[in-house]
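K.L.:
Quick one: this structure, given as structure tokens, is what I'll be asking you about.
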Amino acid sequence: MSRRVLRKLQEAEAAAKAAELEKADAAAQDEAEDAEPAGRVNQFALLMSQEDSQSEAEDAGEDAEPSSPQPRQQKQKKKKSKKAGKRKGGEAAVDEEDEFAAALASADSNPAPPATVSAVSNVSGGGGKPLLSVDLRLLDGGQELRRLFGQAAGESAARQPSTRRLQQQQPGGWRRGLLAQPKPTWPPVVRLGLSMSPDAETFASDSFPAGSAAYRFEHSREYQRTQLAFADAVESGQPDRLAEILHRQPYHVDTLLQLAEVFRLQEDAATAADLVERALYAMECAAAPGFSFASDRCRLSFARRENRALFSALLRHALALTGRCCHRACLETCKLLLSLSPTADPMGSLLLIDAACLMSGQEEFLLRLLHAWEPSRHLTQLPNWAFSAALARFRLGRPDAAAGLDAALIQFPSVLAPLLARLSVEAAPPVSGCRLFSAAEADRESSPGLRQLCGLYVQRCGHCWKEAAAVTFLVSGAARVAEAAAATRRILASLRPPSGDAAATGAPR
Numbered sequence: 001m002s003r004r005v006l007r008k009l010q011e012a013e014a015a016a017k018a019a020e021l022e023k024a025d026a027a028a029q030d031e032a033e034d035a036e037p038a039g040r041v042n043q044f045a046l047l048m049s050q051e052d053s054q055s056e057a058e059d060a061g062e063d064a065e066p067s068s069p070q071p072r073q074q075k076q077k078k079k080k081s082k083k084a085g086k087r088k089g090g091e092a093a094v095d096e097e098d099e100f101a102a103a104l105a106s107a108d109s110n111p112a113p114p115a116t117v118s119a120v121s122n123v124s125g126g127g128g129k130p131l132l133s134v135d136l137r138l139l140d141g142g143q144e145l146r147r148l149f150g151q152a153a154g155e156s157a158a159r160q161p162s163t164r165r166l167q168q169q170q171p172g173g174w175r176r177g178l179l180a181q182p183k184p185t186w187p188p189v190v191r192l193g194l195s196m197s198p199d200a201e202t203f204a205s206d207s208f209p210a211g212s213a214a215y216r217f218e219h220s221r222e223y224q225r226t227q228l229a230f231a232d233a234v235e236s237g238q239p240d241r242l243a244e245i246l247h248r249q250p251y252h253v254d255t256l257l258q259l260a261e262v263f264r265l266q267e268d269a270a271t272a273a274d275l276v277e278r279a280l281y282a283m284e285c286a287a288a289p290g291f292s293f294a295s296d297r298c299r300l301s302f303a304r305r306e307n308r309a310l311f312s313a314l315l316r317h318a319l320a321l322t323g324r325c326c327h328r329a330c331l332e333t334c335k336l337l338l339s340l341s342p343t344a345d346p347m348g349s350l351l352l353i354d355a356a357c358l359m360s361g362q363e364e365f366l367l368r369l370l371h372a373w374e375p376s377r378h379l380t381q382l383p384n385w386a387f388s389a390a391l392a393r394f395r396l397g398r399p400d401a402a403a404g405l406d407a408a409l410i411q412f413p414s415v416l417a418p419l420l421a422r423l424s425v426e427a428a429p430p431v432s433g434c435r436l437f438s439a440a441e442a443d444r445e446s447s448p449g450l451r452q453l454c455g456l457y458v459q460r461c462g463h464c465w466k467e468a469a470a471v472t473f474l475v476s477g478a479a480r481v482a483e484a485a486a487a488t489r490r491i492l493a494s495l496r497p498p499s500g501d502a503a504a505t506g507a508p509r
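The sequence shown begins at 1 in full-length UniProt numbering and counts up by one.
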């Protein structure tokens, strides 16, 4: 072996030893800086450690720097990394906004973004992308507010301590959440009494895609006793008794949701949303290791009472996000809710997801979902889907937008009058005089349930039609339908024989 080869081998060994020493020194320094006092071990930490370990691995991969064979250069790079660490705190807010903007752009354009998890793999959209795919980075409404309205909109959220700071204050009591982030006003998670396990009975009775699994929530004996006390408190109608239960059991899910409803009726939306987020955080901490809230393989049966709290909490959370103008986060939450039970849809998320698509600018997704589910679910039989699909086609410049609007107006004429009233638009005489669009005729022809669905659509999606072009599109469609209805009546009148001729010929009436 030549001297040159031996010299290269010696240099490689020296570089490897130097790199190992540098890693050992860095690890020892990080342990000394991040040392935490010994505390109570969280018995649910193992259930939720997968997401934290993944995020730590990603952070470590981003912060890692290539090692150099010369120790002097390693020390210089180490000093530079310390200086960069000082600037990291000042640039955290800007990096967070850039990350959210990149996630939003990748979710709209890329067929498979890195953090996107399939929600319903057996139903696909264009490009092979799963139709109900949930991007975990877009579930945070605070980031969406900061992106839309600037850093001042999320200033209060930015002042809250991070999950790492909360872990230092309450060792073993906090972890990073996907559905909701822990807040300093929340008590630590200790003895939930709520757990999750596979549901073999539901999986055997229902037809699921290959590879999917059904789960169920389970209550401990102490949690069951709290459930009985909760039922007595609800029957008594005294919110103070609910507050007493929550004081003893801070993460009792049903009590949190019931108190959230009480505060919502008192028009305290902030407290109601906080209680719903705490309930979501508790159920996320209780989830089984194999359960993923964004997976297309995990199902929950609404028939089991223990599972119903998650459905209710997700729906209330989606409505709260809509009230905060976090429409993209609302859309991702609706897709998550629909993925838990896509066939049954017990909470009626299909009545909300179209509005979230229109308000977040996701018209393409709305039409893909309509195209995939129309043959089996007949979504256009619902007034919200008939009108929302027509508006989505109009926004995208599709040539069949006018035909879709005409079909929606003919099938659901009772939507036009309240929708024009919501837009403060007065209908033209041909439209206002048309019997098809008159309020009395519409009420006579439609059922109470259909009238409720039409009113719900006007309430949720009425402001989506406030653009001048959309108003013109709606008024012109109503004029076309009114003219067609008048022409049809004239044709039928001409084909009907006179009453005298019918009596003379003996024709049946």
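Idealized CB from N, CA, C, for every residue including glycine.
1) Would DSSP call residue 117 helix, strand or coil?
2) Any contact between the region 135-148 and the region 324-336? By contact I mean 3 or more CB pairs, one from each, below 8 angstroms.
3) Could you tell me the boundaries of the beta strand (DSSP E) in which residue 511 lies?
4) Can you list, in chain order, the residues of its chain with a C-beta nearer than 6 angstroms to that of residue 156? Leave out the 5 residues immediately preceding and following it.
5) Does chain C have any CB closer than 7 angstroms to the CB of residue 274?
6) Can you tell me which residues form a DSSP beta bridge with residue 393?
7) Please report how far the alpha carbon of residue 426 lies from the alpha carbon of residue 420, in whole angstroms.
8) Which ranges would you report for the alpha helix (DSSP H) in the region 417-490 if only whole runs of at least 4 residues count?
9) Under the rule that 16 or more other beta-carbon atoms within 10 Å means buried, what is residue 279, buried or exposed?
10) Which two residues bound the contiguous alpha helix (DSSP H) that contains residue 197?
11) Are residue 253 and residue 282 touching if we call contact CB-CB under 7 angstroms?
12) Near residue 284, which residues of its chain fall below 8 angstroms by C-beta distance, leaving aside the five closest residues on each side in sequence?
13) Let me know the secondary structure DSSP gives residue 216 once reduced to three states.
14) What does the alpha-carbon distance come out to for the pair residue 365 and residue 131?
15) For residue 295 and residue 339, what's the separation of their Cα atoms in angstroms?
16) What three-state label does DSSP hand residue 251 in the structure shown?
17) Nearest-angstrom Cα distance between residue 304 and residue 344?
18) Measure the Cβ-Cβ separation of residue 272 and residue 260 and say whether it is below 7 angstroms.
19) Kindly confirm or deny that the region 377-390 and the region 406-421 touch, where touching means at least three C-beta pairs closer than 8 angstroms.
20) Taking just the CA atoms, how far does residue 133 sit from residue 234?
21) Looking at the unbroken alpha helix (DSSP H) that takes in residue 232, where does it start and where does it end?
22) Three-state secondary structure (DSSP) at residue 412?
23) Closest to residue 215 by C-alpha separation, out of 227, 291 and 336, would be which residue?
24) Does the separation of the CB atoms of residue 286 and residue 347 fall below 7 angstroms?
25) Residues in the same chain with beta-carbon distance under 7 angstroms from residue 222, minus the five sequence neighbours each way, listed in chain order, please.
26) Among residues of its own chain, excluding the 5 on either side of residue 466, which ones have a beta-carbon nearer than 7 angstroms to its beta-carbon?
27) Would you tell me roughly how many angstroms separate the C-alpha atoms of residue 352 and residue 460, rounded to the nearest one?
28) Candidates 333, 481 and 201: which alpha carbon is nearest residue 433's?
29) Considering only their Cβ atoms, is the gap separating residue 349 from residue 334 smaller than 7 angstroms?
30) Would you kindly report the start and end of the unbroken alpha helix (DSSP H) that includes residue 373?
31) Look at the Cβ atom of residue 585, then the Cβ atom of residue 447, and state whether they are nearer than 7 angstroms.
32) In whole angstroms, give me the CA-to-CA distance for residue 494 and residue 484.
33) Exposed or buried, which one is residue 220 when buried takes at least 16 other CB atoms within 10 Å?
34) With DSSP as the reference, label residue 382 as helix, strand or coil.
35) What first and last residue would you give for the alpha helix (DSSP H) that runs through residue 354?
P.N.:
With the structure as the only source:
1) Reliability fails at residue 117, whose pLDDT of 37 lies under 50, so the model's placement of it is uncertain and no value is given.
2) yes
3) Here the chain comprises residues numbered 1 to 509, so residue 511 is not present and cannot be evaluated.
4) Low confidence applies to residue 156: its pLDDT is 49, below 50, so where it sits in the model is not reliable enough to give any reading.
5) Among the chains in the structure shown there is no chain C, since it carries only a single protein chain.
6) According to DSSP, residue 393 bridges with nothing at all.
7) 7 angstroms
8) 429-432, 439-445 and 448-461
9) buried
10) That residue, residue 197, is in no alpha helix (DSSP H); its beta strand (DSSP E) goes 194-198.
11) yes
12) 48, 177, 178, 179, 180 and 293
13) strand
14) 8 angstroms
15) 8 angstroms
16) coil
17) 13 angstroms
18) yes
19) yes
20) 37 angstroms
21) 221-236
22) coil
23) 291
24) no
25) 193
26) 423
27) 8 angstroms
28) 481
29) yes
30) 363-377
31) The question about residue 585 has no answer here: the residues shown for the chain are numbered 1 through 509.
32) 15 angstroms
33) exposed
34) coil
35) 353-360
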